[in-house]
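**Student:** Handing you this structure, nothing more for now.
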Amino acid sequence: MVEAAGLMKGPHRIFPLLFRISADAMRSRFDQRTLYSYTSTIRPTEEALGLVIDWILRAQQPDGGVPAYYSLMRGYSESYPEVTGYIVPTLYDFAHATSDSDAAHAAERATNWLLSLRMSSGAFPAGLHTGEEQPSVFNTGQILQGLVRGYMETHRAEILEAADAAGDWLASAQSPDGSWSGLGAYQGAAHTYYSMVAWSLALLASETKATRHRSTAERNLDWVLKQIEPSGWTGGINLKGYPTFLHFIAYVIQGVLECGIALHREDAIVAASRSAWVLLRKFEVHKALLGTYEAEFKRGMSFVCLTGNAQMSCVWLRLYEATGELRYLNGALKMNELLKQSLRTRGNRGALGGVAGSYPIWGAYQPLRYISWGCKFLADALMLELRLKRAFEARACAS
Amino acid sequence: MRVVVLCSSPYSETGCAMAARLAQTGRVPVGAISLPAFDRTTLLRKFAQWGGRDSARFAWSKLAPRRNKTTGVRNPYLGDALQHSGKTLRSLQEIGRTYGVPIMISANQNSSLAIERLRQWSPDVVVFTGGNILRKPLLAVPRFGVINSHLGLLPEIRGMSSPEWSLLEGVPLGVTIHLMDAGIDTGGTLLKREFRELDGCDSFIDLRNRMIAFGMEMVLETVAGLEAGTIAPHPQADQEKDHQFFVMHDWLKSQAAVRLGVRPVLSVGEASE
Numbered sequence: 057m058v059e060a061a062g063l064m065k066g067p068h069r070i071f072p073l074l075f076r077i078s079a080d081a082m083r084s085r086f087d088q089r090t091l092y093s094y095t096s097t098i099r100p101t102e103e104a105l106g107l108v109i110d111w112i113l114r115a116q117q118p119d120g121g122v123p124a125y126y127s128l129m130r131g132y133s134e135s136y137p138e139v140t141g142y143i144v145p146t147l148y149d150f151a152h153a154t155s156d157s158d159a160a161h162a163a164e165r166a167t168n169w170l171l172s173l174r175m176s177s178g179a180f181p182a183g184l185h186t187g188e189e190q191p192s193v194f195n196t197g198q199i200l201q202g203l204v205r206g207y208m209e210t211h212r213a214e215i216l217e218a219a220d221a222a223g224d225w226l227a228s229a230q231s232p233d234g235s236w237s238g239l240g241a242y243q244g245a246a247h248t249y250y251s252m253v254a255w256s257l258a259l260l261a262s263e264t265k266a267t268r269h270r271s272t273a274e275r276n277l278d279w280v281l282k283q284i285e286p287s288g289w290t291g292g293i294n295l296k297g298y299p300t301f302l303h304f305i306a307y308v309i310q311g312v313l314e315c316g317i318a319l320h321r322e323d324a325i326v327a328a329s330r331s332a333w334v335l336l337r338k339f340e341v342h343k344a345l346l347g348t349y350e351a352e353f354k355r356g357m358s359f360v361c362l363t364g365n366a367q368m369s370c371v372w373l374r375l376y377e378a379t380g381e382l383r384y385l386n387g388a389l390k391m392n393e394l395l396k397q398s399l400r401t402r403g404n405r406g407a408l409g410g411v412a413g414s415y416p417i418w419g420a421y422q423p424l425r426y427i428s429w430g431c432k433f434l435a436d437a438l439m440l441e442l443r444l445k446r447a448f449e450a451r452a453c454a455s
Numbered sequence: 014m015r016v017v018v019l020c021s022s023p024y025s026e027t028g029c030a031m032a033a034r035l036a037q038t039g040r041v042p043v044g045a046i047s048l049p050a051f052d053r054t055t056l057l058r059k060f061a062q063w064g065g066r067d068s069a070r071f072a073w074s075k076l077a078p079r080r081n082k083t084t085g086v087r088n089p090y091l092g093d094a095l096q097h098s099g100k101t102l103r104s105l106q107e108i109g110r111t112y113g114v115p116i117m118i119s120a121n122q123n124s125s126l127a128i129e130r131l132r133q134w135s136p137d138v139v140v141f142t143g144g145n146i147l148r149k150p151l152l153a154v155p156r157f158g159v160i161n162s163h164l165g166l167l168p169e170i171r172g173m174s175s176p177e178w179s180l181l182e183g184v185p186l187g188v189t190i191h192l193m194d195a196g197i198d199t200g201g202t203l204l205k206r207e208f209r210e211l212d213g214c215d216s217f218i219d220l221r222n223r224m225i226a227f228g229m230e231m232v233l234e235t236v237a238g239l240e241a242g243t244i245a246p247h248p249q250a251d252q253e254k255d256h257q258f259f260v261m262h263d264w265l266k267s268q269a270a271v272r273l274g275v276r277p278v279l280s281v282g283e284a285s286e
């Protein structure tokens, strides 16, 4: 209702909204139901990367915060501390890859905004930036990723101090079994996708060499690994009232994988690869991943969760890097083709180059929105693709 | 030896050449079952997977195939097999009239009608050159089973884009004649041979064409070996490991082409046989 009320305030949005819905209706019915096409590259990866990074840079607010989404009904949302945090490494990666000083500057502004949100406990607040002061484990973890990278790039003492305090708060909030539940956890429950928090702590520990942060990460990783079924199914996502979106499944896998790589934990890499392989096979056989899955990867809703797809592309590319298994690279390259085709090259500033929550746009995940974390994960996937292709070609030349 | 040939289309050069080669070597097929030239089910499946534009390109590549200017066929290495009395046989119907092979056109090779016809022909062996994914009732009809020529060495390289995957995985190029079962390229192997005839090979299409012709001669050898009792199936080792590969992305194909030293990319439809 709040979204729909946005149309009352901005009636000029009605025509772009109707156009988007009818365009997706036509496309999903008559052409590329899943956006899959392995035939040829329609859009160069560099061009697609530029489009999504431009979306992020355009969306960034003057204070440095990045909105969660651009809604076709109400425009940009308030800034989102969580995403602003983990977009920082993406912006720095892009700045290094392309010598783009605008991206580096945007990352610094984002970091400064995050520093202004620090709570006295060291935690960071939940949800959109609306002035409420509820500490959040997940947001703190995701922001920590940005702080660690911000410190690595600038060596500013206040960033390290904030990261350290955030790490200490996460350690203090952790349950004895290694999960996070109760105050600070979403719906008060433990979630396996908080493996992303463990990854951030592992990154912090790598930078500071602090054993307390490393052991907090290890404890959570151990707990998450116990929830992953032998079939690869990522149990324990535990979001009441929501279907199990691919986005959350991919979070679990990505967190476990990256944490495993950072902590040199082979068991975690093996567990992540087991889950990732199931989804890779599904993608190769069915030419698409579903937007949601039931337990044991049983069939869920059949829209495309573009963000989850981009995350899985990142996971497959990192697994290719870690294991040398070319089928991961092949799946990721095809997935990136699918995602690049979803980008719009015309339209208003909130839609141009944006990654929609779902395809078709009215799908169940973030309907009628272009979401900033979708852009972040797609940019990561495209940068990984470019880097790994260069390495592949260099190896071929050398041999 | 009673042999039946399964084809993906009455105009499939591979299917036609296979039937012709069998006839030319004294084993005239007792029948052939082909999907129709314009198969609605296949086109709808392609449409669902690829969408309008790509399935239109696929249909066009089937309806207006690019033929070699010198030989008049798409796969020049099958040219000799398709020649008869100075003319090129272009369809299964022409093969049937020339060599006396009964032809059945069926939109589903697993249909009860197709299986009933197959039973009437009581084949010792069925040679698969293309068509549907075969189900157990059909697989159970021939005495020796259904055999397939796979353009990769089994069990290392199963599935799609086999020559390209072989190059990237460091597995020698090769062809395996194997029995078909419910899995993808998991049936017992009958004959396995490395492929080294690469002189002058200038593209993956050329490589694939050469391997198809090479595999066809291996099929003839296998059929003779089965009849003589000199060839028997060997179960594939390493069954628990996942060796199945899928269609290769164009960029990886270009890298495989670098290793082969040829022109890189196939377009839609060209890799389908």
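Those sequence lines, one after another, are chains A and B.
My numbering applies: residue 57 is where the first sequence begins, and numbers increase by one.
My numbering applies: residue 14 is where the second sequence begins, and numbers increase by one.
For glycine and all other residues, C-beta sits at the position ideal for the given N, C-alpha and C.
(1) Determine whether the Cβ of Glu340(A) lies closer than 8 Å to any Cβ atom of chain C.
(2) Can you round the beta-carbon distance between Gly413(A) and Arg425(A) to whole angstroms, since I take them to be within the 8 Å contact cut?
(3) Ala312(B) to Arg451(A), Cα distance in whole Å?
(4) For Leu171(A), decide whether its Cβ has a neighbour in chain B, counting only Cβ atoms nearer than 8 Å.
(5) Taking only beta-carbon positions, decide if Ser285(B) is within less than 8 Å of chain A.
(6) Glu182(B) touches chain A at which residues, Cβ-Cβ below 9 Å?
(7) Would you report the Cα separation of Thr38(B) and Glu230(B), rounded to the nearest angstrom?
(8) Residues of chain A with CB under 7 Å from Val275(B), in chain order?
(9) Is the number of C-beta pairs between the segment 100-116 of chain A and the segment 392-409 of chain A that are closer than 8 Å three or more?
(10) Using the three-state DSSP reduction, which class does His247(B) fall into: helix, strand or coil?
(11) Are there 16 or more other CB atoms within 10 angstroms of the CB of Leu279(B), so buried, or fewer, so exposed?
(12) Return helix, strand or coil for Arg405(A), following the three-state DSSP convention.
(13) Using three-state DSSP, classify Glu207(B) as helix, strand or coil.
(14) Mind checking Thr54(B): buried by the 16 CB within 10 Å criterion, or exposed?
(15) Whole angstroms is fine: what's the gap from Gly28(B)'s alpha carbon to His303(A)'s?
(16) Would you decide whether Arg275(A) is buried or exposed? Buried here means 16 or more other CB atoms lie within 10 Å of its CB.
(17) In three-state DSSP terms, what is Ser174(B)?
(18) Can you list the beta strand (DSSP E) stretches of 3 or more residues lying completely in the segment 26-76 of chain B, in chain order?
(19) Compare the C-alpha of Leu173(A) against each of Ala229(A), Ile199(A) and Lys343(A) and name the closest.
(20) Does DSSP put Cys20(B) in a helix, a strand or coil?
(21) Expressed to the nearest angstrom, what Euclidean distance is found between the alpha-carbon atoms of Ala328(A) and Trp372(A)?
(22) Do you know whose CA, among Glu107(B), Leu102(B), Leu48(B) and Ile244(B), lies nearest Thr202(B)'s CA?
(23) Is the beta carbon of Asn123(B) sitting closer than 8 Å to the one on Asn145(B)?
(24) Gly197(A) lies in the alpha helix (DSSP H); which residues open and close that run?
(25) Using CA coordinates, which residue listed in Leu395(A), Trp429(A) and Ser157(A) is at the minimum distance from Met415(A)?
(26) Please classify Ser256(A) as buried or exposed, where buried requires at least 16 other C-beta atoms within 10 Å of its C-beta.
(27) Nearest-angstrom Cα distance between Gly117(A) and Thr146(A)?
(28) Take every Cβ of the segment 318-325 of chain A, pair it with every Cβ of the segment 335-345 of chain A, and state whether three or more of those distances are shorter than 8 Å.
(29) Taking His262(B) as the query, report the chain A residues whose CB atoms sit under 7 Å from its CB, ordered along the chain.
(30) Could you list which residues in chain A have their beta carbon closer than 9 Å to that of Leu167(B), in chain order?
(31) Kindly list the residues whose CB is nearer than 6 Å to the CB of Asp80(A), restricted to its own chain and excluding five residues on each side of it in sequence; keep chain order.
(32) Would Phe217(B) pass as an interface residue toward chain A - the criterion being a Cβ-Cβ separation below 8 Å?
(33) Which residue or residues does DSSP assign as beta-bridge partners of Val298(B)?
(34) Would Ala452(A) pass as an interface residue toward chain B - the criterion being a Cβ-Cβ separation below 8 Å?
(35) Ordered along the chain, which non-local residues of its own chain (more than five positions away) have a Cβ less than 6 Å from that of Leu385(A)?
(36) Using a C-beta cutoff of 8 Å, does Leu203(B) count as contacting chain A?
**Tutor:** Let me lay it out:
(1) Among the chains of the structure shown, chain C does not appear; the protein chains present are A and B.
(2) The sequence position of residue 413(A) within the first sequence is 357, counting from 1. The sequence position of residue 425(A) within the first sequence is 369, counting from 1. Confirmed, about 5 Å.
(3) Because chain B in this structure spans residues 14 to 286, residue 312(B) falls outside the shown range and cannot be described.
(4) Stepping through the first sequence from its first residue, residue 171(A) is reached at position 115. No, its Cβ sits nowhere closer than 8 Å to a Cβ of chain B.
(5) As a working mapping, residue 285(B) is identified with position 272 in the second sequence. Bear in mind that the predicted position of Ser285(B) carries a pLDDT of just 35, short of 50, making it too unreliable to give a figure here.
(6) Within the second sequence, the letter at position 169 stands for residue 182(B). Chain A residues near Glu182(B): Leu382.
(7) Position 25 of the second sequence, counting from 1, holds the residue named residue 38(B). Position 217 of the second sequence, counting from 1, holds the residue named residue 230(B). Using only the alpha carbons, I get a separation of about 10 Å.
(8) Position 262 of the second sequence holds residue 275(B). Correct list: empty, because the minimum Cβ distance to chain A is about 15 Å.
(9) yes
(10) For the purposes of this step, residue 247(B) is taken as residue 234 along the second sequence, with counting starting at 1. In the structure shown, His247(B) sits in a strand (DSSP, three-state: E or B).
(11) Numbered from 1 along the second sequence, position 266 holds the residue referred to as residue 279(B). Reliability fails at Leu279(B), whose pLDDT of 47 lies under 50, so the model's placement of it is uncertain and the value that follows must be treated cautiously. Leu279(B) should be labelled buried.
(12) Here residue 405(A) is taken as the residue at index 349 of the first sequence, counted from 1. Reduced to three states, the DSSP call for Arg405(A) is coil.
(13) Counting from one through the second sequence, the residue named residue 207(B) turns up at place 194. If DSSP states are grouped into helix, strand and coil, Glu207(B) belongs with the strands.
(14) The count along the second sequence starts at 1 and reaches residue 54(B) at position 41. Looking at its Cβ environment, which holds fewer than 16 other Cβ atoms inside 10 Å, Thr54(B) is exposed.
(15) Taking the first residue of the second sequence as 1, we reach residue 28(B) at position 15. Taking the first residue of the first sequence as 1, we reach residue 303(A) at position 247. For Gly28(B) and His303(A), the distance between alpha carbons rounds to 46 Å.
(16) For the purposes of this step, residue 275(A) is identified with residue 219 of the first sequence, where counting begins at 1. Buried: at least 16 other Cβ atoms inside 10 Å.
(17) One-based indexing of the second sequence puts residue 174(B) at position 161. Ser174(B) falls in the coil class under three-state DSSP.
(18) 44-47, all fully within the segment 26-76 of chain B.
(19) Here residue 173(A) refers to the residue found at position 117 of the first sequence. For the residues Ala229(A), Ile199(A) and Lys343(A), the minimum Cα distance to Leu173(A) belongs to Ile199(A).
(20) The residue labelled residue 20(B) in the question sits at position 7 within the second sequence. Cys20(B) falls in the strand class under three-state DSSP.
(21) Residue 328(A) sits at position 272 when you count from the first residue of the first sequence. Residue 372(A) sits at position 316 when you count from the first residue of the first sequence. When rounded, the distance between both Cα atoms is 10 Å.
(22) As a working note, residue 202(B) is residue 189 in the second sequence. It is Ile244(B) whose Cα lies nearest to the Cα of Thr202(B).
(23) The residue given as residue 123(B) occupies position 110 in the second sequence. The residue given as residue 145(B) occupies position 132 in the second sequence. For Asn123(B) and Asn145(B), yes; Cβs fall inside 8 Å.
(24) As a first step, residue 197(A) must be located in the first sequence, where it is residue number 141. Val193 to Thr210 is the extent of the alpha helix (DSSP H) around Gly197(A).
(25) Position 359 of the first sequence, counting from 1, holds the residue named residue 415(A). Correcting the residue identity first, residue 415(A) is Tyr in this sequence and not Met. Cα-wise, what sits closest to Tyr415(A) is Leu395(A).
(26) Here residue 256(A) refers to the residue found at position 200 when the first sequence is read from its first residue. Buried.
(27) As a position in the first sequence, residue 117(A) is number 61, starting the count at 1. As a position in the first sequence, residue 146(A) is number 90, starting the count at 1. The sequence given here has Gln at residue 117(A), not Gly. Distance between the alpha carbons of Gln117(A) and Thr146(A) is about 17 Å.
(28) The segment 318-325 of chain A is not in contact with the segment 335-345 of chain A.
(29) Here residue 262(B) is taken as the residue at index 249 of the second sequence, counted from 1. The answer, in chain order, is Tyr94, Asn386, Leu389 and Lys390.
(30) Position 154 of the second sequence, counted from the start, is the residue given in the question as residue 167(B). Within chain A, no residue comes near Leu167(B); the closest Cβ sits about 17 Å away, beyond 9 Å.
(31) The residue you call residue 80(A) lines up with position 24 of the first sequence. The beta carbon of Asp80(A) is closer than 6 Å to those of Pro416 and Ile417 in its chain, skipping five residues each way along the sequence.
(32) By one-based count along the second sequence, residue 217(B) stands at place 204. Phe217(B) does not count as touching chain A.
(33) Any question about residue 298(B) goes unanswered here, given that chain B covers just 14 to 286.
(34) Numbered from 1 along the first sequence, position 396 holds the residue referred to as residue 452(A). Against chain B, the CB of Ala452(A) has a partner CB under 8 Å away; the residue lies at that interface.
(35) One-based indexing of the first sequence puts residue 385(A) at position 329. If we look at Leu385(A) and ignore the five residues flanking it on each side, its Cβ neighbours are Tyr376.
(36) Residue numbering aside, residue 203(B) sits at position 190 when the second sequence is read from its first letter. Closer than 8 Å: no.
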